[in-house]
Amino acid sequence: MLSIEPMGLEATIEWSLPPSKSHMIRWLALAAQAEGDTGLSFTGSAGKDILSMANCLRAIGVVIEQDESRWVISGVGSRGFQTPEESLNCGNSGTAARFLMAIAAGMCEPISFDGDQSLRRRDMSALTGALRELGCEVTSDTLPLTVTGPVIPGLAHLDVSDSSQPLSALLLASPNYSGVIHLKTSSHSVSRGYSELSYKLATRCGSSNEMVADGAIIEPWRPITPGEAKIPGELSLLPLAMLLAELHDVDVEIAGNDLELSGSLMELAERAEELDLRDESDIIAPAAALMALGNGGRIRGVAHARGKESDRISSTVDLLECFGMEATETNDGIEVAGGQTLVRPMLPVDSQGDHRLAMTAMTLASKCGGSVAGAEVCAVTDPDFIEKLMMLED
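Numbering (our numbering), first residue to last: 5 to 398.
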(Lines of atoms letter the chains of each structure in order from A and count residues from 1; the text may use other names and numbers.)
(Lines give C-alpha, C1' and ligand atoms only; values in the text may rest on other atoms or scores of the structure.)
Protein backbone atom coordinates (compact mmCIF):
# COMPACT_ATOMS: atom_id res chain seq x y z
CA MET A 1 0.00 0.00 0.00
CA LEU A 2 1.41 3.38 -1.00
CA SER A 3 0.10 6.51 0.74
CA ILE A 4 0.59 9.85 -1.01
CA GLU A 5 -0.04 13.27 0.51
CA PRO A 6 -0.94 16.29 -1.65
CA MET A 7 2.11 17.87 -3.24
CA GLY A 8 2.63 21.57 -3.74
CA LEU A 9 4.55 21.73 -7.00
CA GLU A 10 5.48 25.11 -8.40
CA ALA A 11 8.72 25.01 -10.37
CA THR A 12 9.21 23.30 -13.70
CA ILE A 13 9.25 19.53 -13.23
CA GLU A 14 11.95 17.39 -14.82
CA TRP A 15 10.62 13.96 -15.72
CA SER A 16 12.23 10.98 -17.40
CA LEU A 17 10.80 8.06 -19.35
CA PRO A 18 11.97 4.45 -19.02
CA PRO A 19 13.22 2.57 -22.09
CA SER A 20 10.44 1.59 -24.48
CA LYS A 21 9.48 -2.00 -23.80
CA SER A 22 7.97 -2.29 -27.29
CA HIS A 23 11.30 -1.44 -28.90
CA MET A 24 13.48 -3.35 -26.49
CA ILE A 25 11.53 -6.61 -26.50
CA ARG A 26 11.53 -6.57 -30.32
CA TRP A 27 15.26 -5.90 -30.44
CA LEU A 28 15.84 -8.73 -27.96
CA ALA A 29 13.90 -11.14 -30.20
CA LEU A 30 15.85 -10.11 -33.30
CA ALA A 31 19.27 -9.98 -31.65
CA ALA A 32 18.69 -13.40 -30.07
CA GLN A 33 18.35 -15.00 -33.51
CA ALA A 34 21.26 -13.16 -35.15
CA GLU A 35 24.92 -14.14 -35.34
CA GLY A 36 27.30 -12.26 -33.08
CA ASP A 37 26.74 -9.51 -30.55
CA THR A 38 24.20 -6.69 -30.52
CA GLY A 39 24.41 -3.78 -28.09
CA LEU A 40 21.23 -2.09 -26.84
CA SER A 41 21.72 1.27 -25.10
CA PHE A 42 19.06 3.18 -23.18
CA THR A 43 18.38 5.58 -20.33
CA GLY A 44 16.35 4.77 -17.24
CA SER A 45 15.61 1.34 -15.80
CA ALA A 46 14.32 -1.57 -17.85
CA GLY A 47 10.87 -2.65 -16.71
CA LYS A 48 9.91 -6.12 -15.53
CA ASP A 49 8.35 -6.99 -18.91
CA ILE A 50 11.73 -6.46 -20.56
CA LEU A 51 13.44 -8.49 -17.84
CA SER A 52 10.93 -11.32 -18.33
CA MET A 53 11.77 -11.47 -22.03
CA ALA A 54 15.51 -11.47 -21.28
CA ASN A 55 15.22 -14.20 -18.65
CA CYS A 56 13.22 -16.44 -20.99
CA LEU A 57 15.75 -15.95 -23.80
CA ARG A 58 18.54 -16.94 -21.42
CA ALA A 59 16.63 -20.12 -20.66
CA ILE A 60 16.73 -21.08 -24.35
CA GLY A 61 20.44 -20.45 -24.77
CA VAL A 62 20.87 -16.72 -25.40
CA VAL A 63 23.71 -14.96 -23.55
CA ILE A 64 22.75 -11.47 -22.33
CA GLU A 65 25.12 -9.19 -20.43
CA GLN A 66 23.34 -6.41 -18.53
CA ASP A 67 24.91 -3.12 -17.50
CA GLU A 68 23.08 -0.10 -16.15
CA SER A 69 22.52 1.58 -19.51
CA ARG A 70 23.64 -0.99 -22.10
CA TRP A 71 22.93 -4.64 -22.71
CA VAL A 72 24.87 -6.94 -25.03
CA ILE A 73 22.99 -9.85 -26.61
CA SER A 74 24.96 -12.75 -28.08
CA GLY A 75 22.65 -14.35 -30.62
CA VAL A 76 22.37 -18.07 -31.22
CA GLY A 77 22.52 -17.67 -35.01
CA SER A 78 22.75 -20.93 -36.91
CA ARG A 79 23.21 -22.92 -33.68
CA GLY A 80 19.56 -22.41 -32.89
CA PHE A 81 17.82 -22.20 -29.54
CA GLN A 82 18.12 -24.76 -26.75
CA THR A 83 15.16 -26.54 -25.21
CA PRO A 84 14.60 -25.00 -21.76
CA GLU A 85 14.83 -27.19 -18.68
CA GLU A 86 11.57 -25.84 -17.27
CA SER A 87 8.56 -23.73 -18.16
CA LEU A 88 9.28 -20.22 -19.44
CA ASN A 89 7.83 -17.67 -16.99
CA CYS A 90 6.76 -14.56 -18.90
CA GLY A 91 5.71 -12.63 -15.80
CA ASN A 92 3.16 -9.96 -16.73
CA SER A 93 4.27 -9.58 -20.35
CA GLY A 94 1.81 -10.54 -23.06
CA THR A 95 4.32 -9.34 -25.65
CA ALA A 96 7.05 -11.63 -24.34
CA ALA A 97 4.65 -14.57 -24.10
CA ARG A 98 3.41 -14.25 -27.67
CA PHE A 99 6.85 -13.61 -29.17
CA LEU A 100 8.35 -16.58 -27.34
CA MET A 101 5.43 -18.87 -28.22
CA ALA A 102 6.02 -18.06 -31.89
CA ILE A 103 9.75 -18.72 -31.47
CA ALA A 104 8.99 -22.04 -29.75
CA ALA A 105 6.79 -22.99 -32.71
CA GLY A 106 9.93 -23.13 -34.84
CA MET A 107 11.45 -25.79 -32.59
CA CYS A 108 10.69 -29.50 -32.38
CA GLU A 109 10.45 -30.09 -28.63
CA PRO A 110 7.48 -29.17 -26.41
CA ILE A 111 8.04 -25.87 -24.61
CA SER A 112 5.80 -24.72 -21.77
CA PHE A 113 4.82 -21.17 -20.83
CA ASP A 114 3.39 -19.55 -17.74
CA GLY A 115 2.99 -16.09 -16.23
CA ASP A 116 1.46 -14.19 -13.35
CA GLN A 117 -2.24 -14.23 -12.53
CA SER A 118 -2.92 -11.23 -14.77
CA LEU A 119 -1.21 -12.84 -17.77
CA ARG A 120 -3.01 -16.13 -17.14
CA ARG A 121 -6.31 -14.33 -17.69
CA ARG A 122 -5.34 -12.96 -21.10
CA ASP A 123 -6.64 -14.59 -24.26
CA MET A 124 -3.95 -16.07 -26.52
CA SER A 125 -6.36 -17.73 -28.98
CA ALA A 126 -5.50 -15.51 -31.96
CA LEU A 127 -1.92 -16.76 -31.94
CA THR A 128 -2.58 -20.31 -30.71
CA GLY A 129 -5.23 -20.79 -33.41
CA ALA A 130 -2.83 -19.71 -36.15
CA LEU A 131 -0.09 -21.96 -34.78
CA ARG A 132 -2.44 -24.95 -34.82
CA GLU A 133 -3.33 -24.21 -38.46
CA LEU A 134 0.40 -24.22 -39.17
CA GLY A 135 0.80 -27.71 -37.75
CA CYS A 136 1.79 -27.03 -34.15
CA GLU A 137 0.27 -28.60 -31.07
CA VAL A 138 -0.86 -26.05 -28.46
CA THR A 139 -2.49 -27.29 -25.27
CA SER A 140 -4.55 -24.23 -24.30
CA ASP A 141 -5.62 -20.75 -25.36
CA THR A 142 -4.53 -19.25 -22.03
CA LEU A 143 -1.42 -19.69 -19.91
CA PRO A 144 -0.17 -22.06 -18.70
CA LEU A 145 0.21 -23.84 -22.03
CA THR A 146 2.66 -25.90 -24.06
CA VAL A 147 3.68 -25.36 -27.68
CA THR A 148 5.11 -28.20 -29.76
CA GLY A 149 6.45 -27.35 -33.21
CA PRO A 150 7.72 -27.18 -35.78
CA VAL A 151 5.66 -24.84 -37.94
CA ILE A 152 4.65 -26.38 -41.26
CA PRO A 153 4.76 -23.64 -43.92
CA GLY A 154 1.34 -22.83 -45.34
CA LEU A 155 -1.80 -20.77 -44.79
CA ALA A 156 -3.26 -19.62 -41.47
CA HIS A 157 -5.95 -17.18 -40.39
CA LEU A 158 -4.96 -14.52 -37.88
CA ASP A 159 -7.35 -12.37 -35.86
CA VAL A 160 -5.77 -8.94 -35.29
CA SER A 161 -8.95 -7.23 -34.07
CA ASP A 162 -7.87 -7.40 -30.40
CA SER A 163 -4.09 -7.15 -30.68
CA SER A 164 -1.37 -6.78 -33.30
CA GLN A 165 1.05 -8.85 -31.21
CA PRO A 166 0.30 -12.19 -32.95
CA LEU A 167 1.32 -10.71 -36.31
CA SER A 168 4.47 -9.21 -34.82
CA ALA A 169 5.25 -12.51 -33.12
CA LEU A 170 5.05 -14.56 -36.31
CA LEU A 171 7.08 -12.01 -38.27
CA LEU A 172 9.86 -11.75 -35.69
CA ALA A 173 10.00 -15.53 -35.13
CA SER A 174 10.01 -16.40 -38.85
CA PRO A 175 13.83 -16.67 -39.11
CA ASN A 176 13.30 -19.87 -37.11
CA TYR A 177 10.78 -21.32 -39.63
CA SER A 178 11.51 -23.65 -42.54
CA GLY A 179 9.43 -21.90 -45.20
CA VAL A 180 6.92 -19.25 -46.18
CA ILE A 181 3.74 -18.72 -44.17
CA HIS A 182 0.67 -16.99 -45.61
CA LEU A 183 -1.53 -15.15 -43.14
CA LYS A 184 -5.09 -14.07 -43.82
CA THR A 185 -5.88 -11.34 -41.31
CA SER A 186 -9.17 -9.92 -40.05
CA SER A 187 -10.32 -6.71 -41.71
CA HIS A 188 -10.34 -4.60 -38.54
CA SER A 189 -6.87 -4.36 -37.04
CA VAL A 190 -5.82 -2.50 -33.90
CA SER A 191 -2.54 -1.24 -32.45
CA ARG A 192 -1.20 -0.93 -35.98
CA GLY A 193 1.75 1.20 -34.92
CA TYR A 194 3.20 -1.76 -33.05
CA SER A 195 3.06 -4.11 -36.04
CA GLU A 196 4.55 -1.34 -38.19
CA LEU A 197 7.38 -1.07 -35.65
CA SER A 198 7.99 -4.82 -35.92
CA TYR A 199 8.26 -4.61 -39.70
CA LYS A 200 10.51 -1.55 -39.47
CA LEU A 201 12.97 -3.20 -37.08
CA ALA A 202 12.89 -6.48 -39.02
CA THR A 203 13.75 -4.54 -42.19
CA ARG A 204 16.74 -3.00 -40.39
CA CYS A 205 17.86 -6.56 -39.70
CA GLY A 206 17.60 -7.78 -43.30
CA SER A 207 13.93 -8.77 -43.71
CA SER A 208 12.29 -8.06 -47.05
CA ASN A 209 8.80 -8.80 -45.69
CA GLU A 210 6.23 -6.05 -46.10
CA MET A 211 2.75 -5.38 -44.77
CA VAL A 212 -0.17 -5.92 -47.13
CA ALA A 213 -3.80 -4.89 -46.89
CA ASP A 214 -5.55 -8.15 -46.01
CA GLY A 215 -2.81 -10.34 -44.66
CA ALA A 216 0.87 -11.14 -44.77
CA ILE A 217 3.28 -13.32 -46.68
CA ILE A 218 6.19 -13.96 -44.35
CA GLU A 219 9.40 -15.43 -45.70
CA PRO A 220 12.19 -16.60 -43.40
CA TRP A 221 15.38 -14.58 -43.45
CA ARG A 222 18.71 -14.49 -41.64
CA PRO A 223 18.73 -11.59 -39.17
CA ILE A 224 21.77 -9.35 -39.32
CA THR A 225 21.52 -6.60 -36.73
CA PRO A 226 23.24 -3.21 -37.07
CA GLY A 227 25.44 -4.14 -34.10
CA GLU A 228 24.23 -1.26 -31.94
CA ALA A 229 20.73 0.09 -31.36
CA LYS A 230 19.49 2.93 -29.17
CA ILE A 231 16.21 2.32 -27.37
CA PRO A 232 13.94 5.39 -27.19
CA GLY A 233 11.88 6.39 -24.18
CA GLU A 234 8.47 4.84 -23.46
CA LEU A 235 6.18 7.36 -25.14
CA SER A 236 3.03 5.61 -23.94
CA LEU A 237 3.86 7.01 -20.48
CA LEU A 238 4.06 10.59 -21.74
CA PRO A 239 0.35 11.25 -20.92
CA LEU A 240 1.23 10.79 -17.24
CA ALA A 241 3.63 13.72 -17.54
CA MET A 242 0.87 15.70 -19.27
CA LEU A 243 -1.44 14.82 -16.38
CA LEU A 244 1.12 16.02 -13.83
CA ALA A 245 1.38 19.32 -15.69
CA GLU A 246 -2.41 19.74 -15.76
CA LEU A 247 -2.92 18.82 -12.11
CA HIS A 248 -0.26 21.13 -10.72
CA ASP A 249 -0.34 23.87 -13.38
CA VAL A 250 3.39 23.53 -14.03
CA ASP A 251 5.61 22.88 -17.02
CA VAL A 252 7.10 19.41 -17.37
CA GLU A 253 10.39 18.87 -19.16
CA ILE A 254 11.12 15.36 -20.42
CA ALA A 255 14.80 14.63 -19.86
CA GLY A 256 17.03 13.05 -22.47
CA ASN A 257 14.46 12.28 -25.14
CA ASP A 258 13.82 13.59 -28.63
CA LEU A 259 10.06 13.11 -28.69
CA GLU A 260 8.31 12.07 -31.88
CA LEU A 261 4.65 12.22 -30.93
CA SER A 262 2.04 10.05 -32.60
CA GLY A 263 -1.14 11.61 -33.92
CA SER A 264 -3.11 10.54 -30.85
CA LEU A 265 -0.53 11.97 -28.45
CA MET A 266 -0.54 15.23 -30.39
CA GLU A 267 -4.33 15.36 -30.18
CA LEU A 268 -4.20 14.65 -26.45
CA ALA A 269 -1.61 17.39 -25.94
CA GLU A 270 -3.90 19.78 -27.82
CA ARG A 271 -6.85 18.65 -25.63
CA ALA A 272 -8.94 17.21 -28.44
CA GLU A 273 -12.47 16.38 -27.30
CA GLU A 274 -12.64 13.13 -29.27
CA LEU A 275 -9.82 10.60 -29.34
CA ASP A 276 -9.74 7.47 -31.47
CA LEU A 277 -7.33 5.27 -29.53
CA ARG A 278 -7.76 2.19 -31.72
CA ASP A 279 -3.98 2.08 -32.11
CA GLU A 280 -2.99 3.47 -28.68
CA SER A 281 -5.30 1.94 -26.10
CA ASP A 282 -2.50 1.95 -23.51
CA ILE A 283 -3.13 5.64 -22.76
CA ILE A 284 -6.85 5.37 -21.92
CA ALA A 285 -6.60 6.02 -18.17
CA PRO A 286 -4.50 9.22 -18.17
CA ALA A 287 -6.31 10.47 -21.29
CA ALA A 288 -9.70 10.09 -19.57
CA ALA A 289 -8.40 11.88 -16.47
CA LEU A 290 -7.13 14.77 -18.61
CA MET A 291 -10.54 15.03 -20.27
CA ALA A 292 -12.31 15.08 -16.90
CA LEU A 293 -10.10 17.90 -15.65
CA GLY A 294 -10.39 19.79 -18.93
CA ASN A 295 -13.23 20.19 -21.39
CA GLY A 296 -14.45 16.60 -21.35
CA GLY A 297 -14.75 14.40 -24.38
CA ARG A 298 -15.03 10.91 -25.76
CA ILE A 299 -12.55 8.08 -26.19
CA ARG A 300 -13.52 5.54 -28.86
CA GLY A 301 -12.11 2.60 -30.79
CA VAL A 302 -10.84 0.73 -27.73
CA ALA A 303 -13.21 -2.21 -27.27
CA HIS A 304 -10.15 -4.47 -27.41
CA ALA A 305 -8.80 -2.79 -24.25
CA ARG A 306 -11.20 -4.90 -22.20
CA GLY A 307 -8.68 -7.73 -22.65
CA LYS A 308 -5.67 -5.89 -21.23
CA GLU A 309 -4.20 -6.41 -17.75
CA SER A 310 -7.58 -5.22 -16.53
CA ASP A 311 -10.76 -4.40 -18.41
CA ARG A 312 -9.22 -1.02 -19.05
CA ILE A 313 -12.51 0.64 -19.99
CA SER A 314 -14.42 -0.26 -16.83
CA SER A 315 -11.33 0.01 -14.61
CA THR A 316 -10.67 3.55 -15.86
CA VAL A 317 -14.28 4.54 -15.09
CA ASP A 318 -13.88 3.00 -11.61
CA LEU A 319 -10.61 4.85 -11.09
CA LEU A 320 -12.12 8.23 -11.93
CA GLU A 321 -15.03 7.48 -9.60
CA CYS A 322 -12.59 6.81 -6.75
CA PHE A 323 -11.32 10.37 -7.19
CA GLY A 324 -14.83 11.85 -7.30
CA MET A 325 -15.07 12.17 -11.08
CA GLU A 326 -17.71 10.73 -13.39
CA ALA A 327 -17.38 8.91 -16.69
CA THR A 328 -19.60 6.55 -18.67
CA GLU A 329 -18.68 3.35 -20.47
CA THR A 330 -19.67 2.98 -24.11
CA ASN A 331 -19.42 -0.09 -26.32
CA ASP A 332 -15.97 0.91 -27.51
CA GLY A 333 -14.75 3.52 -25.07
CA ILE A 334 -15.57 6.17 -22.49
CA GLU A 335 -17.49 9.45 -22.37
CA VAL A 336 -16.22 11.98 -19.87
CA ALA A 337 -17.78 15.24 -18.67
CA GLY A 338 -15.39 18.17 -18.35
CA GLY A 339 -14.70 20.70 -15.62
CA GLN A 340 -14.49 18.10 -12.85
CA THR A 341 -12.40 18.36 -9.70
CA LEU A 342 -10.53 15.77 -7.68
CA VAL A 343 -11.64 14.46 -4.31
CA ARG A 344 -9.32 12.47 -2.07
CA PRO A 345 -10.42 8.81 -2.11
CA MET A 346 -11.90 7.58 1.16
CA LEU A 347 -10.60 4.05 0.58
CA PRO A 348 -7.43 2.70 -1.04
CA VAL A 349 -7.58 2.74 -4.84
CA ASP A 350 -7.27 -0.76 -6.28
CA SER A 351 -4.75 -0.88 -9.13
CA GLN A 352 -6.36 -4.16 -10.30
CA GLY A 353 -2.92 -5.51 -11.19
CA ASP A 354 -2.72 -2.99 -14.05
CA HIS A 355 0.49 -0.96 -14.13
CA ARG A 356 -1.03 1.85 -16.20
CA LEU A 357 -3.98 2.16 -13.84
CA ALA A 358 -1.62 2.24 -10.86
CA MET A 359 0.54 5.01 -12.33
CA THR A 360 -2.52 7.09 -13.21
CA ALA A 361 -3.88 6.67 -9.67
CA MET A 362 -0.57 7.74 -8.12
CA THR A 363 -0.38 10.77 -10.41
CA LEU A 364 -3.90 11.86 -9.43
CA ALA A 365 -3.08 11.32 -5.75
CA SER A 366 -0.10 13.66 -6.07
CA LYS A 367 -2.66 16.50 -6.21
CA CYS A 368 -5.33 15.49 -3.70
CA GLY A 369 -3.69 12.69 -1.72
CA GLY A 370 -4.75 9.08 -1.38
CA SER A 371 -3.60 5.49 -1.02
CA VAL A 372 -2.98 3.06 -3.87
CA ALA A 373 -3.09 -0.70 -3.37
CA GLY A 374 -0.72 -2.66 -5.59
CA ALA A 375 1.25 0.43 -6.60
CA GLU A 376 4.39 -1.65 -7.06
CA VAL A 377 2.95 -3.14 -10.27
CA CYS A 378 4.21 0.01 -12.03
CA ALA A 379 7.60 -1.72 -12.19
CA VAL A 380 6.26 -3.71 -15.14
CA THR A 381 6.99 -0.65 -17.27
CA ASP A 382 8.77 1.88 -15.04
CA PRO A 383 10.59 0.55 -11.96
CA ASP A 384 11.57 4.10 -10.97
CA PHE A 385 8.08 5.62 -11.15
CA ILE A 386 7.29 5.72 -7.43
CA GLU A 387 10.70 7.14 -6.53
CA LYS A 388 10.49 9.81 -9.25
CA LEU A 389 7.01 10.84 -8.15
CA MET A 390 7.79 10.99 -4.43
CA MET A 391 10.94 13.06 -5.04
CA LEU A 392 9.13 15.82 -6.94
CA GLU A 393 8.77 18.00 -3.83
CA ASP A 394 12.45 17.65 -2.86
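Don't be surprised by glycine CBs; every beta carbon is placed ideally from N, CA and C.
None of these values were measured; they are calculated from a predicted model.
What would DSSP say about residue i, mapped onto helix, strand or coil?
i: L179; result: In the sequence under discussion, the amino acid at residue 179 is Pro, which differs from the Leu named in the question. Three-state DSSP puts P179 in a helix.
i: P236; result: coil
i: H161; result: strand
i: W225; result: coil
i: L248; result: helix
i: S7; result: strand
i: D166; result: coil
i: E200; result: helix
i: L241; result: helix
i: P23; result: strand
i: E391; result: helix
If we call anything under 8 Å between Cβ atoms a contact, is residue i one with residue j?
i: M111; j: S370; result: no
i: T385; j: L205; result: no
i: G65; j: A38; result: no
i: D194; j: S165; result: Before going on, a small fix: residue 194 reads as Val here, not Asp. It is a contact, given that the beta carbons lie within the stated cut-off.
i: L351; j: S314; result: no
i: G311; j: R196; result: no
i: G342; j: A292; result: no
i: V353; j: V376; result: yes
Can you tell me which of the options puts its alpha carbon nearest to the alpha carbon of residue i?
i: R83; options: E89, S97, V67; result: V67
i: F103; options: G65, A377, L131, L123; result: L131
i: P290; options: E257, T334, L239; result: L239
i: F46; options: A100, W75, S167; result: W75
i: L138; options: P154, D145, T146; result: P154
i: T320; options: D388, G343, D280, M363; result: M363
i: R208; options: S116, E18, A35; result: A35
i: E274; options: A259, L247, G260; result: L247
i: S266; options: A259, D280, G337, E257; result: D280
i: G253; options: G260, A245, P236; result: According to the sequence displayed, residue 253 carries Asp and not Gly. Of the listed residues, the one whose Cα sits closest to D253 is A245.
i: A309; options: D322, I288, G328, C326; result: I288
i: P230; options: G43, E257, P179; result: G43
i: H161; options: V142, S190, I303; result: S190
i: W31; options: E277, A177, E141; result: A177
Name, in chain order, the residues that DSSP records as bridge partners for residue i.
i: S78; result: D41, V67
i: G219; result: K188, V216
i: L92; result: F117
i: L269; result: BP columns for L269 are empty, so no partner.
i: L149; result: F117
i: I17; result: V256
i: E278; result: R302
i: V142; result: V151
For the region 296-384, which segments carrying the alpha helix (DSSP H) assignment without a break, of at least 4 residues, lie completely within its bounds, in sequence order?
316-326, 359-372
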